[in-house]
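Visitor:
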Amino acid sequence: MVDAGGTEPVATSVAAVLAVKSLHRAKSRLAATLSTAFEGDDPVTRGSLVLAMFLDTVDALRGAGISRIVVVSPDDEVLAAARRSGMRGLRESPRGNPTPGNPPPSGPPDAGLNAAFVDGARWAREAWPESTGLMYVQADLPAATSTSITAVLRAVQHHRSSFLTDRDGTGTVLLHGTDGDAAEPRFGPGSAAAHRAAGAVELDPAGRNWPDLRTDVDTATDLAVARELGLGPHTTAALRHL
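Mapping of the sequence shown onto UniProt numbering: position 14 corresponds to residue 14, and the numbering continues sequentially without gaps.
1) Comparing alpha-carbon positions, which option in T235, L203, R122 lies nearest A151?
2) Which same chain residues, not among the five before or five after T132, have their C-beta less than 8 Å away from its C-beta?
3) Give the DSSP-derived three-state secondary structure of P104 in the structure shown.
4) Can you grab the Cα-Cα spacing for the pair D222 / L51, in whole Å?
5) Using DSSP with H/G/I as helix, E/B as strand and the rest coil, what is A16?
6) For V137, tell me which candidate among I69, G89, A197 has the shortest Cα-Cα distance.
7) Thinking C-beta only, is A200 closer than 8 Å to L175?
8) With distances taken from CA atoms, which of V58, L213, A19 is nearest A143?
9) Let me know the secondary structure DSSP gives H24 once reduced to three states.
10) Whole angstroms are fine: how far does the CA of L229 sit from the CA of P211?
11) Grab me the residues of A238's own chain with a C-beta within less than 6 Å of its C-beta, minus the 5 sequence neighbours each way, in chain order.
12) Have a look at T235 and D76 and give me their C-alpha separation to the nearest angstrom.
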């Protein structure tokens, strides 16, 4: 993909940051619905599904030409998978990884997620100072395609900071900012309104485009929608075990 000037590939100048929770504790809402949809929920199997969705998300980013990717997680398996795939795996700060001796921080329920995004962004800026764009991406987009990401990368060039909502229009699947102008991540319930209030421009506010990229998976219903759109190979393989 080429930028508006027709010379520099846009994707190669973008750094992407993803944050993945501990696999066996991730997706509590998905766990609650998987028990009905798939006759039981096993944390190990669910963890494999979460990892698979993450890998399919990364494949879509890479297919669009994004190679500068940093993954923040407290989970050894996620970090190992990231490094095997040639990504930077960054261990999440303890503040975002509650343990019996380290209780969760006070504040919004997604404070740890946003702190992980901020840490990843800081590392990305230091590692790739020549990057002209920084993109926070949700890691549970198993139907995402490189075609949609390429189209979004074209759209974000027109704004200093912009975001794309999820299917219902209240959450955020992607937040992008130009170098030095990346909006502070405000992922979590009501994140679309929070990013909008912070000055980020909503891409495709009518919600007509990129359904594959808008479908993050938090419930079995979301997963069913993603299956209809077409899952990536990692998620497809993981579902065979459910």
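In this text, a Cβ means the ideal position worked out from N, Cα and C, and glycines have one as well.
Since the structure is predicted, the reported quantities are computational estimates derived from the model, not experimental observations.
Guide: Quick answer:
1) Within the sequence shown, numbered from 1, the residue matching residue 151 stands at position 151. The shortest Cα separation from A151 among T235, L203, R122 belongs to L203.
2) Within the sequence shown, residue 132 is the residue found at index 132, counting from 1. Around T132: S13, V14, T178, D179.
3) In the sequence shown, counting from the first residue as 1, residue 104 sits at position 104. Residue placement at P104 cannot be trusted, given a pLDDT of 46 that sits under 50; what the coordinates show is reported in the next sentence. DSSP places P104 in coil when its eight states are reduced to three.
4) Here residue 222 corresponds to residue number 222 of the sequence shown, with the count starting at 1. Here residue 51 corresponds to residue number 51 of the sequence shown, with the count starting at 1. Cα to Cα, D222 sits roughly 16 Å from L51.
5) Indexing the sequence shown from 1 puts residue 16 at position 16. A16 falls in the strand class under three-state DSSP.
6) Locating residue 137 in the sequence shown gives position 137, counting from the first residue. The shortest C-alpha separation from V137 is found at I69.
7) Indexing the sequence shown from 1 puts residue 175 at position 175. Indexing the sequence shown from 1 puts residue 200 at position 200. Going by C-beta atoms, L175 is nearer than 8 Å to A200.
8) Sequence index remark: in the sequence shown, residue 143 carries index 143 (1-based). Of V58, L213, A19, the residue nearest in Cα terms is L213.
9) Indexing the sequence shown from 1 puts residue 24 at position 24. Looking at H24 - three-state DSSP - the assignment turns out to be coil, as it is neither helix nor strand.
10) If you number the sequence shown from 1, residue 211 lands on position 211. If you number the sequence shown from 1, residue 229 lands on position 229. So the alpha carbons of these two residues sit roughly 8 Å apart.
11) As a position in the sequence shown, residue 238 is number 238, starting the count at 1. S48, L49, A52, listed in sequence order.
12) For the purposes of this step, residue 235 is taken as residue 235 along the sequence shown, with counting starting at 1. For the purposes of this step, residue 76 is taken as residue 76 along the sequence shown, with counting starting at 1. T235 and D76: Cα-Cα distance of roughly 20 Å.
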